[in-house]
Every structure is written in structure tokens, then in C-alpha cells.
Amino acid sequence: MYFIREAFYKRPFESARFAAARGVVAVLFVLLFFAYCAYLIVQIVDDVPLILLSSESVNATYAAPDIEMCVVNTTMQFAFCNAIYTNFTSLPFDCIGMTERGAISMGSTPQCYMLRTQGLLQYAANRPYPENSSLINNIEILWKLGSVDSAGYNIRAQPSMDIQLYSPTFNQWYLNSSEFIPQERTLYTSMQNGNNRIYSNLNVSTIIKFSPVKYRAIKPKDSRSILGFGAKYVDIITLDTTQQDFPLQQKEPLTTGGYDGIFSISLAKTNMDVKTEQRQYTVLNAIALAGGAYGVLTGIYTILFGAGRFSPWGIFEMGVVYNPFAKSTEPAARPGKGRPKRQSSILKARISKGPQSMPFPKEHDIQGFAPAASAPLSASQRASMENDTYNRLLGIPFPQIPSTGGGGAVGDPVTHYDHDRLKRRMDEMEAMLRTYFIDAEPYDVLRQGYVKEQLARDALNFSPSIEINSQQHQPMLSTRRNPLNTHNSSTIVAEPLDHK
């Protein structure tokens, strides 16, 4: 975190104890931030998904469910199976040929039967129904026990048949439980424990209404859901059921009816309830939460200790551009390897003007602020000029030097003093910016590296040539711009003068 480096930076007029206390608070904030990040990581690993409830329309048709029927201490047989169509006509169907019996065993073990229509019977899900449709509204089954006495043996309640409906895509009779994901295993266990089981009692007509429910489970170790870019789902369809019981008419003897009970199955509603898992914590969510926590901690630190210096240099400049494998190995060539002194970024720069893209001042630009001719300062004046820059911040006034002549005259001490006072004010402003607003050390490193490169390039482009003047027998030097120098800097080149 950026403010931890600034927290240990001792500003002027601050005690070392205060700077250390501020650094300790910054370290505590950083530890708190990393602890929160660790908490988010744990939440991502141990995430418990939420359930989003929604609904979707069922198709125009819906296949009849698989019907499991179980009895105890006896057997069961179908007396009659009837399908009621949308035009209210009824036709019998071969339910015996569609039935599969479970494992045969003796004793009190339930004897179970599975009736599978395998898509031959389709419920009508939407109105209005088409004419002469083969879609059905209801299935009616009349059942008869092999022995009513055996079915009621050792039980005090009236004999009954256990009925459970399965979706054709999720039937425990035909599933391999070893390939289940945890959510499928949970629903599979619920079906085995009798969830949504219905009981059709003896001498009772049971009306069963079912409605499909889709559970969308996230696949385990799904990388897309962990990152937060969506999830891959496993759709598990089960059936919710409700029942209503009505006693059979007593005027018709059961011995002549040829059955012991009746149950009918119909579709309850035309829309499907959907339960979709959603992760509470993802990587993107954790990044957002961590960013919010970082902003809160930074805001609290700013309120307590003020804002740190602005740094326009990031990881790319500090770690990539100035990487440890750079050509220059001197400490001043890389940020963080030898901290350069905080000097004036303009008045201490004595370099030639480089490329247009590098905003470095030229020598004559810097000297242009001074008078054409200046007298040297006295010792007392120079000592006064070399006082610490922060005297101005402390409010110490500068000495007033009276004027001894016309303003702006050559050699006028007031002119030199005004020039030096302006220079000192510029230094004060730069010191204030460096101390409280901008971290300019990487800029100093960049500038020093450029200066060394420019000086080396100028040394290679310097080509002296000397000729003896025939009149004065003295070497004559003149200056011209070196044509080999591709930069805009002015280079002194010695060349012979024409002899006239």
C-alpha cells in the first residue's frame, strides 16, 4: 500500500516519535487489510451458494411421470388403467405392459412396481387445446391388493399403497449414484427417505397433482463460477406433489368392483419452479470488496494524518523500465538504489536541450534569468543566501539591502539580491512541493540518467580542428554547429578561420 512508505517519511518540523507513531498506524492498517483479504479467500473456498427462486414456462406438452407403487406383505395388480384426453374422452391403455417389478422378496419387505409410459402419454400444458388432440389431462388407475388381510397384518391403520412420482430424467431406479454430484446425492437421498411420497388408502379415491421443479446446481470446481464469469449448471428435475382423498361410494360393493382403491394423476400448473444456485463470493466480487476496504482504510488514514505525496511513477516505471538488468549499474541510474538528494530540478540542471519529447531546460534558458553582467556577491550576502530553505517557512524575514544606485544598473547589488531572492523563493516552492505534494525522486533519477547519456553522446560528436593564422601566428577558434550532431544542442567546435 502506497501510504505506508509515506507514513515513515519524516516531514520538516515533525518529531521522529510522531513519524514513528504514524508508521505504526499505517502498518496496522496494512495488516488489517491483508486480514480482510484472507477472510475473502476463505469465503471463496468455503462458499455456500444462495438459491435464486424463479419460474419458467413448461413446453406445450409434458411427459407423464414415472409412477412407483409399493405395498407391504402382499402383491398388487392393476384392475384398470384409463387415460382421459383433453376432449374428455377416456381410453384404456396397457399399463401392465408398461410396468416393471422390483426385486422380489418375502416377508415384510415392500413389493414395488414401476410404471413407465416412456413418452407415450403427454399432458397438455397450455390452453386452448387443439381438436382431436392426443394429449391427456388425467391418468386414472384402479388397483387391487393380492391379499387385504396380509396387507393389514401387524398394522393398526387401514392398508394403503405408497406412491411416488419421478421425473423421467431423474428416476432413482435407473440412476448410478456413484456418479452423482453432491446436490444430486442430496435429492436422491430425499427421494429414498420418502420425500413427496403419497399414500392411497383402501376404499379411497386419491387425486394427485404434480408440478415439476428444476434445481440448477453449480458443477463442483467450476472455474468460471469461481471467477465470477457465469457458471456451468447441472439441471435436476424433481416433482412436487399434493393429494386429496375422497371415500369411494358405499353403495357399490368392493367385491363386485374388482378393485380396492383408485388414484388419478394430473398436471397441477403450466409453469415450472426453478431454483438456481448463486455463489455469494467470487474472485471479481472479492476484488471489489477488497478495493472498497482499501478505500476506507486510505480515507481514514487521510483524515488522521493528511494525504501523502502524489507519485506519478508506478510499478511499470519502477520495476520494468528501471529493471535490475538495465545497462547502467550505478546506484543513481535506478530508483530505490541510492536516494538522490532533493535538489532544485531546474536551477541545478546544467544540460543541453535534448529531443523535443524531453522537457529539459537548456543552459542558456537557465542563465537567461540572470543579468548580462553580474558582480560577485560579498561573503555576508552569500552566507545570507545559503541559509536553509525552510527559514522562509518559519517566517524569518530576509534582510533588506538598501539601494545605492539606479535600479537595474550593471553591478547593482540590489539587482543581484532581487535575483537571488527570486531564486530562493523558487527553491522554497520546489522544497514545499517535494516535501508535501510530489515525490520527485524518480524524476531526478531519470534526469541524471539522461544527462549522462547526453554528455557521452556529445563527447562522441565533438571534432576539434585547428589552423595557424598567418597574420598573428595564433590558433584561431570559432564556433559553429556540428553537422554530425543530430540534436538541437549548441556544441563548440574549433575550426580554422580564412586567412585574408
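Numbering of the sequence shown is given in this note's numbering, commencing with residue 1 and proceeding in unit increments. Glycine included, each C-beta is placed from N, C-alpha and C at the ideal position. From a predicted model like this one, the values you see are computed outputs, not experimental measurements.
Query	Result
Grab me the residues of Ala64's own chain with a C-beta within less than 6 Å of its C-beta, minus the 5 sequence neighbours each way, in chain order.	Thr117 and Leu121
Taking the beta carbon of Gly308 as the centre, do at least 16 other beta carbons fall within 10 Å, making it buried, or is it exposed?	buried
In its own chain, which residues sit with a C-beta less than 7 Å from the C-beta of Lys327, not counting the 5 before and 5 after it?	Model confidence at Lys327 stands at a pLDDT of 48, short of 50, so the residue's coordinates are unreliable; what they give is reported in the following sentence. Result list for Lys327: empty, nothing under 7 Å.
Would DSSP call Gly449 helix, strand or coil?	helix
Report the residue from Ala286, Leu422 and Leu455 whose alpha carbon sits nearest the alpha carbon of Ile44.	Ala286
Which ranges would you report for the beta strand (DSSP E) in the segment 243-292 if only whole runs of at least 3 residues count?	261-267 and 271-278
Classify Ala16 as buried or exposed, calling it buried when 16 or more other Cβ atoms lie within 10 Å of its own Cβ.	exposed
In three-state terms, what does DSSP make of Asn126?	coil
By the three-class DSSP mapping on this structure, what secondary structure does Ile236 have?	strand
Once DSSP output is grouped into helix, strand and coil, what is the label at Glu179?	helix
Using 10 angstroms around the beta-carbon of Trp173, count the other beta-carbons present and answer buried if the total reaches 16, otherwise exposed.	exposed
Beta-carbon within less than 8 Å of Ser205's beta-carbon, same chain only, minus the 5 sequence neighbours each way: which residues are those?	Asp245, Phe246, Pro247, Leu248, Gly261, Ile262, Phe263 and Ser264
Report the option in Gly228, Lys214 and Phe316 whose CA atom is closest to the CA atom of Asp240.	Lys214
Quick one, which of Gly258, Gln164, Cys70 and Ser57 has its alpha-carbon nearest Phe80's?	Gly258
Does DSSP put Phe13 in a helix, in a strand, or in coil?	coil
Run through DSSP, which three-state label would Asp388 get?	Unreliable positioning characterises Asp388 in this predicted model, as indicated by a pLDDT of 47, which lies under 50. The coordinate reading is nonetheless provided below. Coil, per DSSP.
From Val58 to Ser167, what does the alpha carbon distance come to, in whole angstroms?	14 Å
Helix, strand or coil: which one does DSSP assign to Ile303?	helix
Measure the beta-carbon distance from Ala35 to Arg22 and round it to whole angstroms, keeping in mind my assumption that it falls under 8 Å.	Not quite, the Cβ-Cβ distance comes to about 20 Å (not below 8 Å), so this is no contact.
CB Thr435 to CB Arg5, shorter than 8 Å?	no
Following the continuous beta strand (DSSP E) through Val48, name the residue where it begins and the one where it ends.	Note, Val48: premise wrong, no beta strand (DSSP E); not H, not E.
State the DSSP-derived secondary structure class of Phe316, mapped to helix, strand or coil.	helix
Based on the DSSP secondary-structure assignment, which residues constitute the bridge partners of Cys81?	Ile141
Using the C-alpha atoms, what's the distance from Val25 back to Gly295?	16 Å
On the three-state DSSP scale, how would you describe Ser134?	coil
Is it the case that the Cβ atoms of Ser272 and Ser55 are separated by a distance below 8 Å?	For the record, residue 272 in the displayed sequence is Met; it is not Ser. Yes, the pair counts as a contact, with Cβ atoms nearer than the cut-off.
DSSP three-state label for Gln172, please.	coil
Any C-beta of chain D sitting closer than 8 Å to the C-beta of Leu433?	Of the protein chains in the structure, only one exists, and it is not chain D.
Given that a residue counts as buried once 16 or more other Cβ atoms are within 10 Å of its Cβ, and exposed if not, what is Gln77?	exposed
Check Lys209 in the structure and name its three-state DSSP category.	strand
Rounding to the nearest angstrom, what Cα-Cα distance links Lys275 and Gly97 in this structure?	36 Å
Classify Glu386: buried if its beta carbon has 16 or more other beta carbons within 10 angstroms, exposed otherwise.	Here Glu386 scores only 46 on pLDDT, less than 50, and its place in the model should not be relied on; the value that follows carries that caveat. The residue is exposed, with fewer than 16 neighbouring Cβ atoms inside 10 Å.
For Ile163, report the span of its beta strand (DSSP E) as first-last.	Ser160 to Tyr166
Please report the Cβ distance between Ile237 and Gln183, rounded to the nearest whole angstrom; I am assuming they are in contact, meaning their Cβ atoms lie under 8 Å.	Actually they do not touch by this definition, with Cβ atoms about 13 Å apart.
Please classify Leu297 as buried or exposed, where buried requires at least 16 neighbouring CB atoms within 10 angstroms.	buried
Tell me whether Ile99 sits in a helix, a strand or coil according to DSSP, three-state version.	Position check: residue 99 holds Thr in this sequence, whereas Ile was assumed. Looking at Thr99 - three-state DSSP - the assignment turns out to be strand.
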